[in-house]
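K.L.:
For reference, the structure I am asking about is given below.
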Amino acid sequence: MSSNTYASSFRRGFCAWVLPLLMGVMCNMAMAQSGAQGAPVFRVAVPGNLFANLGKSGPEGVFLETMDALLKGMGKAPQYVIMPTGDALTELSNGTLHAATVVVPSARTANTMWLSEPLLAESNIVVALKDKGFALKDLRDLTGKRLGVRQGYRYPLLDNKSGMKLERYTTDGEMLRALLFDQVDAISLSAISDIFALRSEGIMKRLVVLDKAVGSVPFVAAFSKAKFSDQELQAFNKALAEFKRSPQWEEVLERNGMADLYKPWPMITP
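In my numbering, the protein residues as written are 23 to 292.
See below:
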């Protein structure tokens, strides 16, 4: 057999074996790409705070990392957009946004959009200077005390109570300075975000946390009723409950430095 005839036979055999293989590989790649691009974009607003932020590697913060895992588990393709919560709620009502994160429930939001079960809940705890702490069991222990609280926040257990002296401050910084300079006896702070910041700055060494919380603020995910169904909301809540029972939830808390901060606080009695 001549060399040309051998080469020709080799090429025919090679093509008969390789071409179907290449076509199969390319077909599988095309199907995978089609599957990755098949899910429609699910736009999610992110406030850019301690609980929900976007970093170089993607979602950051306990709330957003949890939200990301749940949505992807439901087959969604989340696209995150940094946006103030007020703007996000407006876009949700208009149907131009799918979901918003770290939302405090209200009558307005409950009537116009789907609200999930809380992904996080922050207790309002009371702290005093380390050498000026006092027992806090019920509201009577606050009678005559000067308690610093945030302006614009609601404190159902404390507002309009006889003998209660609430001093309202625009920022946590002003409130903390008032405590350090003995202008108030104690202040109410968020058990997770505020304590996390004060601990990072070393200020918690000068403070003592009292026995009971005086309120709680739930943070939920809000979904557009035009783009998210009631059945999907129920599936989201079910997945959330399962996620919080899994080791992955503990890993998210640990990664964000909140494993010892996220815990139930006993509430003060009236």
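Glycine included, every Cβ here is placed at the ideal spot set by N, Cα and C.
Given E87, which residues of its chain have a CB within under 7 Å of its CB, disregarding the five upstream and five downstream residues?
P.N.:
The residue labelled residue 87 in the question sits at position 65 within the sequence shown. Contacts found: P81 and V274.
K.L.:
If distances are taken between C-alpha atoms only, which option among F265, M96, A99 and P127 comes closest to G108?
P.N.:
Mapped onto the sequence shown, residue 108 falls at position 86. If we check each option's Cα against that of G108, P127 comes out closest.
K.L.:
Taking 8 Å as the limit between beta carbons, can you name the residues of its chain near L44, skipping five residues before and five after?
P.N.:
As a first step, residue 44 must be located in the sequence shown, where it is residue number 22. Only weak support exists for where L44 lies, its pLDDT of 40 falling under 50; the value from the coordinates is given anyway. Nothing meets the Cβ criterion.
K.L.:
So, for K167: in the same chain, excluding its five sequence neighbours on each side, which residues have a beta-carbon less than 7 Å away from its beta-carbon?
P.N.:
What you label residue 167 is simply residue 145 of the sequence shown in a count that begins at 1. So the qualifying residues of the chain are K187, D207 and A208.
K.L.:
If you check the beta carbons only, do G170 and E189 fall under 8 Å apart?
P.N.:
Translated into the one-based positions of the sequence shown, residue 170 becomes position 148. Translated into the one-based positions of the sequence shown, residue 189 becomes position 167. Closer than 8 Å, so yes.
K.L.:
Which residue from D181, Y175 and D153 puts its Cα closest to that of G165?
P.N.:
Within the sequence shown, the letter at position 143 stands for residue 165. A small correction: the amino acid at residue 165 is Thr; Gly does not occupy that position in the sequence shown. Ranking D181, Y175 and D153 by Cα distance to T165 puts D181 first.
K.L.:
Going by other Cβ atoms of all chains shown within 10 Å of its Cβ, with 16 needed for buried, is N133 buried or exposed?
P.N.:
On the sequence shown, residue 133 is found 111 positions in, with the first residue counted as 1. That one is exposed.
K.L.:
Taking 8 Å as the threshold (C-beta atoms), are I290 and L211 in contact?
P.N.:
In the sequence shown, residue 211 corresponds to position 189, counting from 1. In the sequence shown, residue 290 corresponds to position 268, counting from 1. The criterion of a C-beta distance shorter than 8 Å is not satisfied by L211 and I290.
K.L.:
If you check the beta carbons only, do L137 and S246 fall under 8 Å apart?
P.N.:
Against the sequence shown, residue 137 aligns to sequence position 115. Against the sequence shown, residue 246 aligns to sequence position 224. Result no, Cβ atoms of L137 and S246 do not sit closer than 8 Å.
K.L.:
Taking 7 Å as the limit between beta carbons, can you name the residues of its chain near L72, skipping five residues before and five after?
P.N.:
The residue given as residue 72 occupies position 50 in the sequence shown. Hits under 7 Å: G83, S215 and F218.
K.L.:
What ranges does the beta strand (DSSP E) occupy inside the region 116-184, keeping only unbroken runs of at least 3 residues that lie completely in it?
P.N.:
121-125, 142-151 and 168-172
K.L.:
Name the DSSP bridge partner or partners of P100?
P.N.:
Along the sequence shown, read from residue 1 onward, the residue named residue 100 stands at position 78. According to DSSP, P100 bridges with F64.
K.L.:
If you draw a straight line from the alpha carbon of A157 to that of A235, how long is it in whole angstroms?
P.N.:
What you label residue 157 is simply residue 135 of the sequence shown in a count that begins at 1. What you label residue 235 is simply residue 213 of the sequence shown in a count that begins at 1. Approximately 12 Å between the Cα atoms of the pair.
K.L.:
What does the Cβ neighbour count give for G224, buried or exposed, with the cut at 16 atoms within 10 Å?
P.N.:
To locate residue 224, count along the sequence shown from 1; it is residue 202. Classification of G224: exposed, given that the 10 Å Cβ count is below 16.
K.L.:
Given N259, which residues of its chain have a CB within under 7 Å of its CB, disregarding the five upstream and five downstream residues?
P.N.:
Against the sequence shown, residue 259 aligns to sequence position 237. Excluding residues within five positions, the ones whose Cβ falls inside 7 Å are S138 and E139.
K.L.:
Please report the distance separating the alpha-carbon of V66 from that of D233.
P.N.:
Residue numbering aside, residue 66 sits at position 44 when the sequence shown is read from its first letter. Residue numbering aside, residue 233 sits at position 211 when the sequence shown is read from its first letter. Their Cα atoms are separated by approximately 38 Å.
K.L.:
Quick check on DSSP: helix, strand or coil for G77?
P.N.:
Here residue 77 is taken as the residue at index 55 of the sequence shown, counted from 1. Of the three classes helix, strand and coil, the one that applies to G77 here is strand, per DSSP.
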